[in-house]
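Asks:
Number of protein chains: 4
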Amino acid sequence: MGLIYKRRANYYETDQMGIVHHSNYIRYFEEARLAFMRENNCDVKELEQKGVIIPNVDAYARYHVPTRFDEVLDIEVRLTSFNGAKMEYTYTARNQNGDIAATGHTLHCFVNSDFRPVSLRRADPGFYQRLSALLEPEE
Amino acid sequence: MGLIYKRRANYYETDQMGIVHHSNYIRYFEEARLAFMRENNCDVKELEQKGVIIPNVDAYARYHVPTRFDEVLDIEVRLTSFNGAKMEYTYTARNQNGDIAATGHTLHCFVNSDFRPVSLRRADPGFYQRLSALLEPEE
Amino acid sequence: MGLIYKRRANYYETDQMGIVHHSNYIRYFEEARLAFMRENNCDVKELEQKGVIIPNVDAYARYHVPTRFDEVLDIEVRLTSFNGAKMEYTYTARNQNGDIAATGHTLHCFVNSDFRPVSLRRADPGFYQRLSALLEPEE
Amino acid sequence: MGLIYKRRANYYETDQMGIVHHSNYIRYFEEARLAFMRENNCDVKELEQKGVIIPNVDAYARYHVPTRFDEVLDIEVRLTSFNGAKMEYTYTARNQNGDIAATGHTLHCFVNSDFRPVSLRRADPGFYQRLSALLEPEE
Chain A
0 MGLIYKRRAN YYETDQMGIV HHSNYIRYFE EARLAFMREN NCDVKELEQK
50 GVIIPNVDAY ARYHVPTRFD EVLDIEVRLT SFNGAKMEYT YTARNQNGDI
100 AATGHTLHCF VNSDFRPVSL RRADPGFYQR LSALLEPEE
Chain B
0 MGLIYKRRAN YYETDQMGIV HHSNYIRYFE EARLAFMREN NCDVKELEQK
50 GVIIPNVDAY ARYHVPTRFD EVLDIEVRLT SFNGAKMEYT YTARNQNGDI
100 AATGHTLHCF VNSDFRPVSL RRADPGFYQR LSALLEPEE
Chain C
0 MGLIYKRRAN YYETDQMGIV HHSNYIRYFE EARLAFMREN NCDVKELEQK
50 GVIIPNVDAY ARYHVPTRFD EVLDIEVRLT SFNGAKMEYT YTARNQNGDI
100 AATGHTLHCF VNSDFRPVSL RRADPGFYQR LSALLEPEE
Chain D
0 MGLIYKRRAN YYETDQMGIV HHSNYIRYFE EARLAFMREN NCDVKELEQK
50 GVIIPNVDAY ARYHVPTRFD EVLDIEVRLT SFNGAKMEYT YTARNQNGDI
100 AATGHTLHCF VNSDFRPVSL RRADPGFYQR LSALLEPEE
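Chains as they are written, first to last, in numbering that gives the first Met the number 0: chain A, 0 to 138; chain B, 0 to 138; chain C, 0 to 138; chain D, 0 to 138.
#1: Please confirm whether T79 of chain B has its beta-carbon closer than 8 Å to some beta-carbon of chain A.
#2: So which residues on chain D does S22 of chain C lean against when the C-beta distance must stay under 9 Å?
#3: How about Y4 of chain A and E30 of chain A: do their beta carbons lie closer than 8 Å?
#4: Buried or exposed: where does R121 of chain B fall if 16 or more other Cβ atoms within 10 Å of its Cβ makes it buried?
#5: Would a check of beta-carbon distances place D69 of chain A closer than 8 Å to chain B?
#6: Does the structure place the stretch 6-24 of chain B close enough to the stretch 94-107 of chain A that three or more beta carbon pairs sit under 8 Å?
#7: Within its chain, find whatever has a CB closer than 7 Å to the CB of A132 of chain B; leave out the 5 residues flanking it on each side and keep chain order.
#8: Looking at C-beta atoms only, is the number of pairs between the stretch 103-111 of chain C and the stretch 41-61 of chain C that lie closer than 8 Å three or more?
#9: Mind checking if R143 of chain C is an interface residue toward chain A, Cβ cutoff 8 Å exclusive?
#10: Comparing alpha-carbon positions, which option in D:R77, D:P136, D:D113 lies nearest A92 of chain D?
#11: Considering only C-alpha positions, which residue in the set C:S80, C:N39, C:D14 is nearest to G125 of chain C?
#12: Can you tell which of C:L72, C:N82, C:A101 has the C-alpha that lies nearest to the C-alpha of F118 of chain C?
#13: If we define contact as Cβ-Cβ less than 8 Å, is K49 of chain A a contact residue for chain C?
#14: Assuming D113 of chain A contacts Y62 of chain D (C-beta within less than 8 Å), just tell me the rounded distance between them.
#15: Could you check what DSSP says for V71 of chain D in three-state terms: helix, strand or coil?
#16: Tell me where the beta strand (DSSP E) around M0 of chain C begins and ends.
#17: Of all the options B:Q48, B:F35, B:V64, which has the alpha carbon lying nearest to the alpha carbon of R115 of chain C?
#18: Against chain A, with Cβ distances strictly below 8 Å, would K85 of chain C count as a contact?
#19: Closest to Y88 of chain B by CA distance: which of B:H21, B:I25, B:E45, B:L46 is it?
#20: List the residues of chain C whose Cβ lies closer than 9 Å to the Cβ of R6 of chain B, in chain order.
#21: So D57 of chain C contacts chain E; which residues on that side make the cut at Cβ distance below 8 Å?
#22: For M36 of chain B, I'd like the list of residues in its chain whose CB is within less than 8 Å of its CB, leaving aside the five on either flank, ordered along the chain.
#23: Please list, in chain order, the chain D residues whose beta carbon lies closer than 7 Å to that of I52 of chain A.
#24: Is there a Cβ of chain A sitting closer than 8 Å to that of E38 of chain C, yes or no?
#25: DSSP has I53 of chain C in a bridge; who is on the other side?
#26: Please return the same chain residues whose Cβ sits closer than 8 Å to the Cβ of A34 of chain C, not counting the five positions on each side in sequence.
#27: Applying the criterion that 16 or more other CB atoms from any shown protein chain within 10 Å of the CB defines a buried residue, is Q48 of chain A buried or exposed?
#28: Is the CB-CB distance between S80 of chain C and S22 of chain B below 8 Å?
#29: Where L134 of chain B and L134 of chain D are concerned, what is the direct C-alpha to C-alpha distance, given to the nearest angstrom?
#30: If you run the structure through DSSP and keep just helix, strand and coil, what is M36 of chain A?
#31: Consult DSSP for P124 of chain D and reduce its assignment to one of helix, strand or coil.
#32: Going along chain B in order, which residues have a C-beta closer than 9 Å to the C-beta of E29 of chain D?
#33: Tell me whether the beta-carbon of G103 of chain C lies closer than 8 Å to the beta-carbon of A60 of chain C.
#34: Check whether chain B comes within 8 Å of P136 of chain C, counting only Cβ atoms and requiring the distance to be less than that.
#35: Just grab the DSSP bridge partners of I99 of chain D for me.
#36: Tell me which residue opens and which closes the alpha helix (DSSP H) that Q143 of chain D is part of.
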């Protein structure tokens, strides 16, 4: 059910260790997550127009093999939990050697513009249904 | 009339050349400009609450001496043009040796949330007055 | 001779005005420039392995129409000046309506790891030749 | 033993939700950590000159209360684990109301320029000693 999001490492994302700065993986994860949602007809922009925003509750990344400038990562993203109030994604970024560069997960909640919790099931039943269908089966 | 804004270069702002990535100076300029406005009782937050935002019209930076991680820059910012519709700032960033690291300028306009031009003189006369008083004298 | 580099605006690149922060265009320009060089067999990574790096001398961006999250820009990049010591690029970013979102230019020099000028013609004649062939004709 | 690092939220760090983008806290944590090390005579720059770099092994942030543009955070950083091969830091960021904005932790290892593990005890005994002295007592 997941998506593989391809992402080339930019020069400005490297640091003086000569590798992609660790903070950028959190941004790569966001790109992968939003690509996954967009591709699956769960458009965050539409939801925001209805007054629902999706801040992060947490974010975690573990770094395995450094990524160099110009390397292309395959970032696999999967929806591993969703109940209408929160959703969780897990990520695995592999370089072109097939090595795992980074793994991670992020948790998100649905809130209104005052950052009060919103039930997505009530706020947008169609979105809720479409997103539910993307949930990974329990292993 | 200007302000000297002190700014230490962060590790995540370096790139694999071992120097601060050039895009970050545009951000340093913004920090200096907003510090200058805040210190002089021209608070951008208040203006935004009144529905006036201040996007960039342009931005320019020239790079002289590279900045390394942990170096502290003295960024001098001055308001060099203001007429109620647009404002221009110029910047000079010096390192602790007194060398010029970068210079630049930015131009800004005042618009409403639809990005339509706003006359600051009408939208907020007090802000207009306070900002006018900060304008550098013609040389 | 130029290249059109496609780039989707990321969520983390927006600011509280709801548009792509102006500093990010400087980064988009870099992405476009490095894609142009890579596609044309002028690989910056190889040059860096030979001890030649290419810092910015300056950077300029002018902002026309704001870019929103998820919009895709067509960024046209062209090599407008090159003499073995410096190179200049110009950029035009258009959104999917065909409107110009931003224009700009950047100037770069070739230096060694001590940031001393290097003649690319001597340091890497092949690179020099290949890059020369990409220069836009005088208008 | 910890340090309180003060950090004002920059405009360019906000996103279109009107709050500091979650990825930036990972950068704030880095700033706080490096300030802590610098203040305590454990200078990362010196260590890098000796060929020892300190990449992240992981990074975690939990977001409690959103941070707005121009808010000042007090970021408390503490060294919670260190054995010469790895070090772990924990972070608590509070806003000026005393509310916790974010918490987190990061794990780091010491490697050479080939990203091979280095024993800090052997590579720089003085640094090892000084850093050991900063370790939080077991609770």
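Cβ coordinates follow ideal geometry from the N, Cα and C atoms, glycine included.
Here the structure is a predicted model, which means the values were calculated and not measured.
Replies: The relevant details are as follows:
#1: Locating residue 79 of chain B in the second sequence gives position 80, counting from the first residue. Chain A, which has no Cβ nearer than 8 Å to the Cβ of T79 of chain B, makes this no.
#2: Along the third sequence, read from residue 1 onward, the residue named residue 22 of chain C stands at position 23. The contacting residues are Y11.
#3: By one-based count along the first sequence, residue 4 of chain A stands at place 5. By one-based count along the first sequence, residue 30 of chain A stands at place 31. Cβ distance < 8 Å, so Y4 of chain A and E30 of chain A count as in contact.
#4: By one-based count along the second sequence, residue 121 of chain B stands at place 122. Exposed: under 16 other Cβ atoms inside 10 Å.
#5: The count along the first sequence starts at 1 and reaches residue 69 of chain A at position 70. D69 of chain A does not count as touching chain B.
#6: No: the two stretches stay apart, fewer than three of their Cβ pairs being nearer than 8 Å.
#7: Here residue 132 of chain B refers to the residue found at position 133 of the second sequence. Excluding residues within five positions, none has a Cβ falling inside 7 Å.
#8: Enough Cβ pairs lie closer than 8 Å, so yes.
#9: Summary: the structure shown does not reach residue 143 of chain C, with chain C confined to residues 0 through 138, and so no result is reported for it.
#10: Stepping through the fourth sequence from its first residue, residue 92 of chain D is reached at position 93. The shortest C-alpha separation from A92 of chain D is found at D:R77.
#11: Locating residue 125 of chain C in the third sequence gives position 126, where the first residue counts as 1. Taking only the C-alpha atoms, the option nearest G125 of chain C is C:N39.
#12: Translated into positions along the third sequence, residue 118 of chain C becomes position 119. For the record, residue 118 of chain C in the displayed sequence is Ser; it is not Phe. Nearest option by C-alpha distance: C:N82.
#13: Position 50 of the first sequence, counted from the start, is the residue given in the question as residue 49 of chain A. Not one chain C Cβ lies under 8 Å of K49 of chain A.
#14: Taking the first residue of the first sequence as position 1, residue 113 of chain A is located at position 114. Taking the first residue of the fourth sequence as position 1, residue 62 of chain D is located at position 63. Contact check for D113 of chain A and Y62 of chain D: beta-carbon distance about 16 Å, past the 8 Å limit, so the pair fails to qualify.
#15: Translated into the one-based positions of the fourth sequence, residue 71 of chain D becomes position 72. The three-state reading of DSSP puts V71 of chain D in strand, counting E and B together.
#16: Position 1 of the third sequence, counted from the first residue, corresponds to residue 0 of chain C. It is not in any beta strand (DSSP E) - M0 of chain C carries neither H nor E in the DSSP assignment.
#17: The count along the third sequence starts at 1 and reaches residue 115 of chain C at position 116. For the residues B:Q48, B:F35, B:V64, the minimum Cα distance to R115 of chain C belongs to B:V64.
#18: Along the third sequence, read from residue 1 onward, the residue named residue 85 of chain C stands at position 86. Cβ-Cβ to chain A under 8 Å: no for K85 of chain C.
#19: By 1-based counting over the second sequence, the position of residue 88 of chain B is 89. It is B:I25 whose Cα lies nearest to the Cα of Y88 of chain B.
#20: Indexing the second sequence from 1 puts residue 6 of chain B at position 7. Here the premise fails: no neighbours, minimum Cβ distance about 14 Å.
#21: No chain E appears in the structure shown, which is made up of the protein chains A, B, C and D.
#22: The sequence position of residue 36 of chain B within the second sequence is 37, counting from 1. Within the same chain, M36 of chain B has close Cβ partners D42, V43, L130.
#23: As a first step, residue 52 of chain A must be located in the first sequence, where it is residue number 53. Chain D residues near I52 of chain A: M16.
#24: Counting from one through the third sequence, the residue named residue 38 of chain C turns up at place 39. Not an interface residue.
#25: Against the third sequence, residue 53 of chain C aligns to sequence position 54. Under DSSP, no beta-bridge partner is assigned to I53 of chain C.
#26: Residue numbering aside, residue 34 of chain C sits at position 35 when the third sequence is read from its first letter. Within the same chain, A34 of chain C has close Cβ partners L2, Y4, V76.
#27: On the first sequence, position 49 is the one that residue 48 of chain A refers to. When all chains shown are included, Q48 of chain A counts as exposed.
#28: On the third sequence, residue 80 of chain C is found 81 positions in, with the first residue counted as 1. On the second sequence, residue 22 of chain B is found 23 positions in, with the first residue counted as 1. No, they are not a contact pair.
#29: Locating residue 134 of chain B in the second sequence gives position 135, where the first residue counts as 1. Locating residue 134 of chain D in the fourth sequence gives position 135, where the first residue counts as 1. Each residue's alpha carbon lies about 51 Å from the other.
#30: The residue given as residue 36 of chain A occupies position 37 in the first sequence. Helix, per DSSP.
#31: As a working mapping, residue 124 of chain D is identified with position 125 in the fourth sequence. Look at P124 of chain D here: in three-state DSSP terms it is helix.
#32: Stepping through the fourth sequence from its first residue, residue 29 of chain D is reached at position 30. Contacts between E29 of chain D and chain B, judged by CB atoms closer than 9 Å, involve N9, Y10, Y11 in chain order.
#33: Within the third sequence, numbered from 1, the residue matching residue 103 of chain C stands at position 104. Within the third sequence, numbered from 1, the residue matching residue 60 of chain C stands at position 61. Cβ distance < 8 Å, so G103 of chain C and A60 of chain C count as in contact.
#34: As a first step, residue 136 of chain C must be located in the third sequence, where it is residue number 137. At a cut-off of 8 Å between C-beta atoms, P136 of chain C does not count as an interface residue with respect to chain B.
#35: What you label residue 99 of chain D is simply residue 100 of the fourth sequence in a count that begins at 1. Bridge partners of I99 of chain D: D:R93.
#36: Residue 143 of chain D lies beyond the stretch modelled for chain D, which goes from 0 to 138, so this question has no answer here.
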